[in-house]
Amino acid sequence: MSGEDDYCELCDLPRSTCIHGMPKPVAPPEPPAPVRKPRKAAAPRTPKAAKAAAPVTTRTSAAPRRWSAPADFVPHIVAMLDEADGGLRTDDALARLEERVADELRPGDREKSPQGEQRWRTAARKARRELVTSGILSDAQPGVWQLRS
2 MSGEDDYCEL CDLPRSTCIH GMPKPVAPPE PPAPVRKPRK AAAPRTPKAA
52 KAAAPVTTRT SAAPRRWSAP ADFVPHIVAM LDEADGGLRT DDALARLEER
102 VADELRPGDR EKSPQGEQRW RTAARKARRE LVTSGILSDA QPGVWQLRS
């Protein structure tokens, strides 16, 4: 090839970058369609009453909980607010609740949750929310735990 043949006559670009000097790309072959196998007919089902009763196995001991459930805090919250004449600010309520249930907290309760709060505090907040939903506590004032009058 000579120097003149290295450039396209139509666009004056080198043939290696010119669209006129490059052949069209070859499309890859389409993959073959998958072959579907016919399903086997399922065996007829027998009604539940006709089946032999399987022996029932029950767990004799469940794994102990690592942290307290929100329901564990409900009676303590109600009693604490009743002693405090009906209402406390959130920080005060959580401090008093911690003093009240310190002996009942489980080992995992003092761990931090993914949100960064101690697990017992998160459970106490959920218990408060359940009490508000059930109508025992009022949520009229943000930041105040208050018995409904």
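Quick note, this note's numbering runs 1 ahead of the 1-based positions in the sequence shown. C-beta: ideal position from N, C-alpha, C; glycine also.
Top-ranked residue by Cα proximity to Ile78, from Pro39, Glu100, Arg66: In the sequence shown, counting from the first residue as 1, residue 78 sits at position 77. The option with the nearest alpha carbon to Ile78 is Glu100.
Under 9 Å, do Gly109 and Trp68 count as touching if we go by C-beta distance? Mapped onto the sequence shown, residue 109 falls at position 108. Mapped onto the sequence shown, residue 68 falls at position 67. Going by C-beta atoms, Gly109 is nearer than 9 Å to Trp68.
Excluding the 5 residues flanking Gly87 on each side, which residues of the same chain have their C-beta closer than 8 Å to its C-beta? Counted from its first residue, the sequence shown places residue 87 at position 86. Closer than 8 Å at the Cβ level, and outside the excluded window around Gly87, lie Gln147, Leu148, Ser150.
Less than 8 Å between the CB of Val36 and some heavy atom of the ligand HEM, yes or no? Judged by which ligands are present, the structure shown has none, so any question about the ligand HEM falls away.
Can you tell me which residues form a DSSP beta bridge with Ser135? For the purposes of this step, residue 135 is taken as the residue at position 134 of the sequence shown. DSSP output for Ser135 lists no bridge partner at all.
Taking the straight line between their C-alpha atoms, what separation do you get for Leu11 and Pro32? Counting from 1 along the sequence shown, the entry for residue 11 is found at position 10. Counting from 1 along the sequence shown, the entry for residue 32 is found at position 31. Their backbone Cα atoms lie some 38 Å apart in a straight line.
Quick check for students: name the residue ranges of the beta strand (DSSP E) that lie wholly in the segment 84–118, counting only runs of 3 or more. 88–90
At what residues does the beta strand (DSSP E) containing Pro68 begin and finish? The count along the sequence shown starts at 1 and reaches residue 68 at position 67. Correcting the residue identity first, residue 68 is Trp in this sequence and not Pro. Taken as a continuous stretch (DSSP letters only), Trp68 belongs to no beta strand (DSSP E), as it is neither H nor E.
Do you know offhand how far Leu89's Cα is from Leu82's? Taking the first residue of the sequence shown as 1, we reach residue 89 at position 88. Taking the first residue of the sequence shown as 1, we reach residue 82 at position 81. Cα-Cα distance, rounded: 7 Å.
Distance check for Cys9 and Ala28, CA to CA, integer angstroms please. The residue given as residue 28 occupies position 27 in the sequence shown. The residue given as residue 9 occupies position 8 in the sequence shown. Going by the C-alpha atoms only, they are around 25 Å apart.
Buried or exposed by the 16-neighbour rule on C-beta atoms within 10 Å, applied to Arg129: Counting from 1 along the sequence shown, the entry for residue 129 is found at position 128. With 16 or more Cβ atoms within 10 Å of its Cβ, Arg129 is classed as buried.
Roughly how many whole angstroms lie between the Cα atoms of Lys127 and Glu105? Walking along the sequence shown from the start, residue 127 turns up at place 126. Walking along the sequence shown from the start, residue 105 turns up at place 104. Their backbone Cα atoms lie some 18 Å apart in a straight line.
Neighbour-count burial assignment, Cys13, 16 or more Cβ in a 10 Å radius: As a working mapping, residue 13 is identified with position 12 in the sequence shown. One detail in the question is off: residue 13 reads as Asp in this sequence, not Cys. Label assigned to Asp13: exposed.
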